[in-house]
Amino acid sequence: MIDKKTDIMNCGRELFSSKGFKDTNVSEITKMAGIATGTFYNYYPSKDKLFMDIYLEENVKLKKNIMESMDLEADPINVMKEMMFMNLKGMRANPILKEWYNREVFNKIEQIYREENGLDYVDFLYDSFIEIVKKWQIEGKIRNDIDAEMIMAIFSALTNIDTHKEEVGFQYFPHVLDYLAEFTMKGLMDCYKNK
Numbered sequence: 001m002i003d004k005k006t007d008i009m010n011c012g013r014e015l016f017s018s019k020g021f022k023d024t025n026v027s028e029i030t031k032m033a034g035i036a037t038g039t040f041y042n043y044y045p046s047k048d049k050l051f052m053d054i055y056l057e058e059n060v061k062l063k064k065n066i067m068e069s070m071d072l073e074a075d076p077i078n079v080m081k082e083m084m085f086m087n088l089k090g091m092r093a094n095p096i097l098k099e100w101y102n103r104e105v106f107n108k109i110e111q112i113y114r115e116e117n118g119l120d121y122v123d124f125l126y127d128s129f130i131e132i133v134k135k136w137q138i139e140g141k142i143r144n145d146i147d148a149e150m151i152m153a154i155f156s157a158l159t160n161i162d163t164h165k166e167e168v169g170f171q172y173f174p175h176v177l178d179y180l181a182e183f184t185m186k187g188l189m190d191c192y193k194n195k
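According to our numbering, the sequence shown holds residues 1 to 195 in order.
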């Protein structure tokens, strides 16, 4: 039973990577996995759910690699900028994670997934990074009058701005993102120091 689910996931990952979410269908996944189409639904209620499970798995891998490769003891501004740069680079390089930029597709999938699993189930933040934020707060490196979860939401908003680069303007976008990260971190650091 586990082997079939793993086969479905592996075949789905391969097809989503090569063809994209929209151009992949359940019958192709099951054909590649060597199972009947009806068998797919014993493991996944929809193609959307399979995709989100694969997306979340790929996202966790990327975040783990980023966290392991960074010097988390460095200056918070540099840590945040490096994390954002590595996250954007990693998402663009991974065909599954790259679907994040297809907002029409991704918003639909995410909505269905939330309905099936609850509002708080989908979390694209760095679970272990919140501990770094709390550590910075204790050490007085950043403000502690703002809840750590709210700071993580601010970081998430910075990451999400990447989906609006057309509105920002492609020629300005990398610098705008860099400045926003710097201004945000300075605001989180300087305001606290001046109290």
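Even for Gly, the Cβ is constructed at its ideal location relative to N, Cα and C.
Quick caveat, the model's predicted, so the values are computed rather than measured.
Fill in: Among E57, G34, A33, I29, nearest to S46 - alpha-carbon criterion
I29
Worksheet item: Quick one: Cα of M152 to Cα of C11, how far?
Response: 34 Å
Fill in: Where S46 sits in the DSSP three-state scheme
coil
Discussion item. Cutting at 6 Å between CB atoms, please list the residues of its own chain near L97, excluding the five before and the five after it.
Written reply: These residues qualify, in order along the chain: E58, M91.
Worksheet entry | Close beta carbons around M86, own chain, < 6 Å, minus the five adjacent residues each side | I66
Discussion item. In this structure, how does DSSP classify Q171 when only helix, strand and coil are distinguished?
Written reply: coil
Discussion item. Can you give me the C-alpha to C-alpha distance between M150 and A36, rounded to a whole angstrom?
Written reply: 46 Å
Discussion item. Can you find the residues in the same chain that come closer than 6 Å, C-beta to C-beta, to L188, ignoring five residues on each side of it along the sequence?
Written reply: I142, R143
Item to complete: Tell me whether N107 sits in a helix, a strand or coil according to DSSP, three-state version.
Response: helix
Discussion item. With the cut-off set at 7 Å, would you say F40 and V60 are in Cβ contact?
Written reply: Taking 7 Å as the cut-off, the beta carbon of F40 is found no closer than this to the beta carbon of V60.
Worksheet item: When the Cα of R114 is compared with those of K4, S17, N42, K49, which residue comes out closest?
Response: That would be K49, whose Cα lies nearest to the Cα of R114.
Discussion item. With distance defined between alpha-carbon atoms, name the residue in N107, D53, V168, F129 nearest to F9.
Written reply: The displayed chain sequence assigns Met, not Phe, to residue 9. Nearest option by C-alpha distance: D53.
Item to complete: Inspect the beta-carbon positions of K134 and A148 and report whether they are closer than 7 Å.
Response: yes
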